[in-house]
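Asks: Dropping the structure in here first, questions after.
Protein chains in written order, with the working numbering: chain A, 1 to 531; chain B, 532 to 1062.
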């Protein structure tokens, strides 16, 4: 059977840029376009030239090597010609391979938002598409509010789609702009549209307002659509757009799609998708979603101790796809249900080599269980677990030794009569046979302690230059008087872009923080290989 | 048309507890069960009594008022009778209304994981269900790996379902254990099963490994299944379980479900779903997902742009459901008037009487907005909100005034050469015109500060005798250098059994804790009416 080509259209730089809290610079857009070329999408929609200085600048040159570089903008206004519409002219002037026009497909919006007649809107679609084609561009039309419009007035919604197609648009994209359409409706409506525009010319643009942007995209493909619009990690307005990072592996690996469809992405590229997804989160300066399908750190993690040995024996019966085909890893969680096979799987994943029969493994397992009973949660703190394991197996150098510390927080009136708080920490640390005393102020005791700990580690100092504490979480376990405090610290190295988690548990929050901070620095030094 | 009843089965406390990084105590399980009763689910699966001490303790008494309290466990082992199977006996001894047995439905797993014959597995299902029914329990069976099992050996998978049904199970639940089945397959397979077990007895248990747990649950409902298993906010192993917080509004508000199905949740309860979702995240000590369908802070953050007036006139054409029906808010369109009526509603709820026209209300509204922008979250700290409101309305006496404090944590070797940590706090406080200095040691700086603050408040001391700090949560907002720390404290009065939450925000964790502690004591004194 010949497989039909399915096209991927990425709108991270356009619709994704509508996400609250996200604001791309030209430099960031250039870096993301490179990432998208690496992923292998067919179209990169770069933004709306003319709408803002960033997008205008971004479209001064072609920014993709592989993908069709696409500019987004409105169709011409009613009552003026394409030649006299500055918006359309900006699109034609942009250094884009393709132009995606957005057009209303719901008569209600034509009347209320555009204030023109239904026929004027059809004229605008036709004239704009023809102008783009005449200028040598690939043209496409995003039919905004298509599904709601179809439900209100199917004839008019279909007329918009037909007009775009007949004018020469390569793609007519059906947009679920409000995001509330369900998969059954999407499939039925797309199927109805194929009577007017062939599926090979239809695209789907879904939003996640009912948690079904992926399902809606696939429903449209089931009905014949052959272009999917989406974004990296599903970013986008409100609840986000269809997540291409989830859709790509499903389309490539799962029946019936893998047998019937072909993407512009091969198996080798697919193994990069986890790294690409995480790299995008890096650019957004946020921690990747551990539970993301296919690419999340927990996507192939299992906690159940009784299943662990079966998983290691025959992983395919517990995994819907093999993690390595998407560049991810199998993770067997070390938890209080942990067995030795969990532990061995975990050590292998972390690259800690050890013989199955090594008696130190039993001691390590006992220690993990004991510590977890005391409140440690190693599944959330890989780096602390790796240090514990390497120490039990005798492989961690003692880079430094904190002999004592003192932390003080004082709140008082200053000379101006204002209430101020001052936090100060003093740390006495032995490095390489020499005792150093460091002092630091900070925003609070943990910040001061962190500052003093990292202020001067002698010969190791250069190895922790890029280290930053990016998140700090505290939990009280078993509230009440016997309570212990669990501190989780997320660290990041600006130089290597490595990210790791460490843990500390104590009845004293400062002590717990201290443990996690020391683990974080030790882990950084271990990975820097400075011993 | 009579609507068919659809049942919701929550497994937050069982399958949700498999989430990496999540680990519930008995106290937390009790609080979550209360939340689930408030939401209105039909079944609360509390855990696996006998598998670990937490779950065994949790099942010592019935923990729900409204929902059917359900225990999870394995069917009896092959080669022994129910009476001689300690696991099944633990289930029968648990204080549960219903028992959900998990059974293999994939012959491959029967052979490899259970090591028994296909017939022995069917016997185990039958005998276990019959024993539960004989003991007066509602019985149900989770058919593990049902969809993969059906694809490998449909006859055997169907035999498992039929056996459970014929033995008297109220529900036969089809589990997509590996999470890789797509909606089209789910719908076709569930439809095939209805030939053997009526849809009114079928449940669906979906996972999010392809981002389609919600779509798969709905696909099963489309095919006739009438029970959905899921979790709060979709927590669960790997990529999570079906998200009930997303499914409930879709089932209640969207065609065709709202016309055909009836849940045990009415419209009034539905307006609490945003608050319930956020309260659960608070319990997990994590920030709610801003982009979550229906309940996310950005879920109704429609970009106004050039169509602002159209949105204002007819918001329903830009929103797939009205935000207020799920207790959420339209973000860009929240007017001061709407803010003020929210505020009045909150004050009425707390019993704070105030005239609608009182100009101090505008100042209070402005202050709340300013503080929430700075990181305060008053929805999680009723007591701090009430104090803020009463202060703005001029109604809180100044019981005491902390002039200064100093907190010190020292870690050093003691005389015996052991590493010890000592925390000490000194507080200078004016009460009733008299200055007092109190000092206290504690488990960490906050505990020491709490001790010193409450050591001697003069004439108010007797009013805070019963006060205890039961929980303490810390979150870092907007990680990075500009980070601030938010502290939430839960207090309890042993005498009055009152429970309240206070909040503090500062770049310094000790300062933030201090604010929350002072609010907590002030609130206790206010309620004791000692002024």
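We put the CB at the ideal spot given by N, CA and C, even for glycine.
Bear in mind the structure is a predicted one, so any value in this text is a computation, not a measurement.
Run through the DSSP bridge pairs and tell me what residue 532 of chain A is partnered with.
Replies: The structure shown does not extend to residue 532 of chain A, since chain A spans only 1 to 531, so no value can be given for it.
Asks: Can you give the Cα-Cα distance for residue 1027 of chain B and residue 1057 of chain B, rounded to whole angstroms?
Replies: Taking the straight line from one Cα to the other gives about 13 Å.
Asks: Would you say residue 560 of chain B reaches chain A, if we count a Cβ-Cβ gap shorter than 8 Å as a contact?
Replies: False, the Cβ-Cβ gap to chain A never drops below 8 Å.
Asks: In the DSSP assignment, find the unbroken alpha helix (DSSP H) run with residue 428 of chain A in it and report its ends.
Replies: Careful: residue 428 of chain A lies outside any alpha helix (DSSP H), inside the beta strand (DSSP E) at 419-431.
Asks: Tell me, please, which residues DSSP counts as bridged to residue 965 of chain B.
Replies: DSSP lists B/962 as partners of residue 965 of chain B.
Asks: Are the Cβ atoms of residue 431 of chain A and residue 460 of chain A separated by less than 8 Å?
Replies: Cβ distance < 8 Å, so residue 431 of chain A and residue 460 of chain A count as in contact.
Asks: Using a C-beta cutoff of 8 Å, does residue 266 of chain A count as contacting chain B?
Replies: No, its Cβ sits nowhere closer than 8 Å to a Cβ of chain B.
Asks: So, does the CB of residue 1006 of chain B fall closer than 8 Å to a CB anywhere in chain A?
Replies: With 8 Å as the cut-off, residue 1006 of chain B counts as an interface residue toward chain A.
Asks: Looking at chain B, is there any beta carbon in it that lies within less than 8 Å of the beta carbon of residue 205 of chain A?
Replies: No, residue 205 of chain A does not count as interfacial toward chain B.
Asks: Could you name the residues that DSSP lists as bridge partners for residue 205 of chain A?
Replies: According to DSSP, which records beta bridges pairwise, residue 205 of chain A is partnered with A/175, A/229.
Asks: Out of A/114, A/112, A/78, A/269, which one is the CA nearest neighbour of residue 127 of chain A?
Replies: For the residues A/114, A/112, A/78, A/269, the minimum Cα distance to residue 127 of chain A belongs to A/78.
Asks: With 16 as the cutoff for other CB atoms within 10 Å, does residue 324 of chain A come out buried or exposed?
Replies: Classification of residue 324 of chain A: exposed, given that the 10 Å Cβ count is below 16.
Asks: Going by C-alpha to C-alpha distance, which of B/970, B/762, B/1023, B/751 sits closest to residue 722 of chain B?
Replies: When only C-alpha atoms are compared, the closest one is B/751.
Asks: Contact criterion: CB-CB distance below 8 Å. Does residue 785 of chain B meet it with respect to chain A?
Replies: So yes, residue 785 of chain B belongs to the interface.
Asks: Taking just the CA atoms, how far does residue 412 of chain A sit from residue 418 of chain A?
Replies: Cα-Cα distance, rounded: 8 Å.
Asks: Looking at the C-beta of residue 925 of chain B, does it have a partner C-beta in chain A at a distance below 8 Å?
Replies: Cβ-Cβ to chain A under 8 Å: no for residue 925 of chain B.
Asks: Is the stretch 745-760 of chain B touching the stretch 182-190 of chain A in the sense that three or more CB pairs, one from each, lie closer than 8 Å?
Replies: Segments in contact, yes.
Asks: When you compare the CB of residue 318 of chain A with every CB in chain B, is at least one pair closer than 8 Å?
Replies: It does; some Cβ of chain B falls within 8 Å.
Asks: Tell me, please, whether the stretch 234-250 of chain A touches the stretch 9-19 of chain A by the rule of three or more beta-carbon pairs shorter than 8 Å.
Replies: The stretch 234-250 of chain A is in contact with the stretch 9-19 of chain A.
Asks: With DSSP collapsed to three states, give me the class of residue 845 of chain B.
Replies: In the structure shown, residue 845 of chain B sits in coil (DSSP, three-state: anything other than H, G, I, E or B).
Asks: What residues match up with residue 49 of chain A in a beta bridge as DSSP calls it?
Replies: According to DSSP, residue 49 of chain A bridges with A/52.
Asks: Return the bridge partner residues of residue 939 of chain B from the DSSP annotation.
Replies: Paired residues: A/408, B/955.
Asks: Relative to chain A, which residues along the stretch 952-982 of chain B have a C-beta separation below 7 Å, given in chain order?
Replies: Listed by position along the chain: 952, 954, 974, 975, 976, 977.
Asks: Do residue 424 of chain A and residue 439 of chain A come within 8 Å of each other at the CB atom, strictly closer than that value?
Replies: Taking 8 Å as the Cβ cut-off, residue 439 of chain A and residue 424 of chain A qualify as a contacting pair.
Asks: So, under 8 Å CB-CB, residue 745 of chain B and residue 733 of chain B are touching, yes? Tell me the CB distance rounded to an integer number of Å.
Replies: Between residue 733 of chain B and residue 745 of chain B the Cβ distance is about 18 Å, and since that is not below 8 Å, they are no contact.
Asks: Can you list the residues of chain A that residue 992 of chain B reaches, using a CB-CB cut of under 8 Å?
Replies: Residues of chain A passing the Cβ test: none, with the nearest at roughly 20 Å.
Asks: Between the stretch 648-667 of chain B and chain A, which residues of the former have CB atoms less than 8 Å from a CB of the latter, in chain order?
Replies: The stretch 648-667 of chain B vs chain A, Cβ under 8 Å: nothing.
Asks: What number of angstroms, rounded off, separates the C-alpha of residue 143 of chain A from the C-alpha of residue 169 of chain A?
Replies: C-alpha separation (whole angstroms): 12 Å.
Asks: What residues of chain B sit near residue 208 of chain A, judged by a beta carbon separation below 7 Å?
Replies: Residues of chain B passing the Cβ test: 824.
Asks: Assuming residue 715 of chain B is part of the alpha helix (DSSP H), what are its boundary residues?
Replies: Run containing residue 715 of chain B: 714-724, per the alpha helix (DSSP H) assignment.
Asks: Go to residue 788 of chain B, then tell me how far its alpha helix (DSSP H) extends in each direction, as first and last residue.
Replies: Unbroken alpha helix (DSSP H) run through residue 788 of chain B: 788-791.
Asks: Contact check, residue 775 of chain B vs residue 763 of chain B under 8 Å by CB: the rounded distance?
Replies: Indeed they touch by this definition, with Cβ atoms about 6 Å apart.
Asks: Mind checking if residue 675 of chain B is an interface residue toward chain A, Cβ cutoff 8 Å exclusive?
Replies: It does not; no Cβ of chain A falls within 8 Å.
Asks: Of all Cβ atoms in chain A, is any one closer than 8 Å to the Cβ of residue 944 of chain B?
Replies: Answer yes: the Cβ-Cβ gap between residue 944 of chain B and chain A drops below 8 Å somewhere.
Asks: Say whether the stretch 381-396 of chain A touches the stretch 343-351 of chain A, bearing in mind that this needs 3 or more beta-carbon pairs closer than 8 Å, one atom from each stretch.
Replies: These segments touch.
Asks: Could you please give the first and the last residue of the uninterrupted beta strand (DSSP E) stretch that includes residue 522 of chain A?
Replies: Careful: residue 522 of chain A lies outside any beta strand (DSSP E), inside the alpha helix (DSSP H) at 509-528.
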